[in-house]
Structures are given as C-alpha cells and as structure tokens.
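Okay, so here's the structure we're looking at.
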Amino acid sequence: AGSSGTGELTGAEEAGAEETVLWRMRTTVRDAPGSLAALCVALSGLRVDILTLQTHPLAQGTVDEFLLRAPVSLPAQELSREIAAAGGASTWIERADAHDLVDTPTRVLSLATRTALDAAELPLALRQLLGRCTIHSLPAVSVTGRATGQSAPVEGVLEETVMRLRDPSGGAIVVERPYLPFTPTEFARARA
Numbered sequence: 232a233g234s235s236g237t238g239e240l241t242g243a244e245e246a247g248a249e250e251t252v253l254w255r256m257r258t259t260v261r262d263a264p265g266s267l268a269a270l271c272v273a274l275s276g277l278r279v280d281i282l283t284l285q286t287h288p289l290a291q292g293t294v295d296e297f298l299l300r301a302p303v304s305l306p307a308q309e310l311s312r313e314i315a316a317a318g319g320a321s322t323w324i325e326r327a328d329a330h331d332l333v334d335t336p337t338r339v340l341s342l343a344t345r346t347a348l349d350a351a352e353l354p355l356a357l358r359q360l361l362g363r364c365t366i367h368s369l370p371a372v373s374v375t376g377r378a379t380g381q382s383a384p385v386e387g388v389l390e391e392t393v394m395r396l397r398d399p400s401g402g403a404i405v406v407e408r409p410y411l412p413f414t415p416t417e418f419a420r421a422r423a
C-alpha cells in the first residue's frame, strides 16, 4: 500500500512512533549456555529493546542488569512475569531515566573523579553508583572527642544487602539496600 497523501500513518510507521519508557531491570539466571539468550528472546517478543547489559557473576548463577526501552503499554508486572518464564529469578524492575543511558565505565570514572576532587561527594557518588540505598556515616570520633569504635576493615565487608566500607576520613560508611542484594562487582566498585 502506497502513501495516500492523507497524512495517515501506515502500520509500520505507527509501530515506530509508539511511546516508550526506560526500565532498569535486574534478574538472576543460571550460569549455563543459553540462559541469557532465553531472556533476550523473551524481551524481543515483548518489543523491548536492550540498551545496556551488565553481568555480575556470582558463585551460583549470574545477575544480569539491563537498561531497557519498552512500550509504555507494557506493565512492569507483565515484563517480570515473562522474564520469570524465561528463567529469570529474583527479578527487580524500576523506572530509569535518560541519565541512566551513560555507559557504566564512563559513569563510574566520572563519580570517582568527583569524589577524588571533593571527599564530601562520596555519599552522593555511592548513591548514584548503587541506586536507591541508605547511607550512614559512622564517625571514628564522637563530637565530644571520644572514640566510637566504628570502623571497617580496609577491604570492607559485604553481607548481602549491607556494605561496610572504611571511610577515608576515619570511621565507617554503611550502605544498605534491603530490596536488592549487592553483587561482588558493586562491592568492588564501591570500595574503589
């Protein structure tokens, strides 16, 4: 069918003009050939574009973190249901925005630079690196000058949804994200 000149869109043009939203999705898959491919096929069937992908290897399985562009008509619950059917487990989805389009190495380098130039940027940098989380700064010395006993080993401590990091100015920084366990990769980035 050719253009009728009436200003109407063809089906292909309408599909290309569909409104989309950005989602950040994280899911755990078995560390086996084809596991990631099954997720990609499921996303393709939902007309979802994969904009970025990071893999976080674990002792048991792999956490795949995606930045997705999906049709606005696709609810998060349906996306989660289809990912589960394709083999994803412990799936977490939240809305993303255009700031998330910056690739991860560039974002991490930018955050490290800001923190190196001004140590006061550390809590903000950690929040931008790790997403929604709670950050507590536990000083080594109280306002009265007494030692608080708060510290963390140089290598830090990772306990599922809690990280304890050594504060460069003394004391400890505790980062909590109760809805989503930290991966070893995130822990290494936060320590750095």
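Residue 423 is where the sequence shown ends in my numbering, and the numbering goes up by one at each step.
For glycine and all other residues, C-beta sits at the position ideal for the given N, C-alpha and C.
For Arg422, which residues in the same chain have their Cβ closer than 8 Å to its Cβ, ignoring the five residues on either side in sequence? On the sequence shown, residue 422 is found 191 positions in, with the first residue counted as 1. Around Arg422: Glu386, Gly387 and Leu396.
Pro415 Cβ short of 6 Å to the ligand HEM heavy atom set: No copy of the ligand HEM occurs in the structure displayed, which carries no ligand at all.
Start-end ranges of the alpha helix (DSSP H) lying completely within the segment 340-369, minimum 4 residues: List check, alpha helix (DSSP H) in window: 353-361.
Cut-off 8 Å between Cβ atoms - residues of its own chain near Ala307, not counting five sequence neighbours on either side: Taking the sequence shown and counting its residues from 1, the one referred to as residue 307 is at position 76. Answer for Ala307: Trp254 and Ile324, listed in chain order.
Beta-carbon proximity check, His367 vs Val405, cutoff 7 Å: For the purposes of this step, residue 367 is taken as residue 136 along the sequence shown, with counting starting at 1. For the purposes of this step, residue 405 is taken as residue 174 along the sequence shown, with counting starting at 1. Closer than 7 Å, so yes.
Under a three-way DSSP split, which group does Phe413 fall into? Here residue 413 refers to the residue found at position 182 when the sequence shown is read from its first residue. Secondary structure at Phe413: coil, using DSSP grouped into helix, strand and coil.
Nearest-angstrom Cα distance between Cys364 and Arg358? Taking the sequence shown and counting its residues from 1, one reaches residue 364 at position 133. Taking the sequence shown and counting its residues from 1, one reaches residue 358 at position 127. Their backbone Cα atoms lie some 6 Å apart in a straight line.
Tell me whether the beta-carbon of Gly318 lies closer than 7 Å to the beta-carbon of Ala269. Locating residue 318 in the sequence shown gives position 87, where the first residue counts as 1. Locating residue 269 in the sequence shown gives position 38, where the first residue counts as 1. The answer is yes: Cβ separation under 7 Å.
What are the boundary residues of the alpha helix (DSSP H) that Glu296 is part of? Locating residue 296 in the sequence shown gives position 65, where the first residue counts as 1. Where Glu296 is concerned, there is no enclosing alpha helix (DSSP H), although the beta strand (DSSP E) it sits in stretches over Thr293 to Pro302.
Could you tell me the alpha carbon to alpha carbon distance between Arg345 and Arg326, rounded to whole angstroms? For this step, residue 345 is matched to residue 114 along the sequence shown. For this step, residue 326 is matched to residue 95 along the sequence shown. Just so you know, the alpha carbons of Arg345 and Arg326 end up roughly 25 Å apart.
Please classify Thr259 as buried or exposed, where buried requires at least 16 neighbouring CB atoms within 10 angstroms. Indexing the sequence shown from 1 puts residue 259 at position 28. Thr259 is buried by the Cβ-count criterion.
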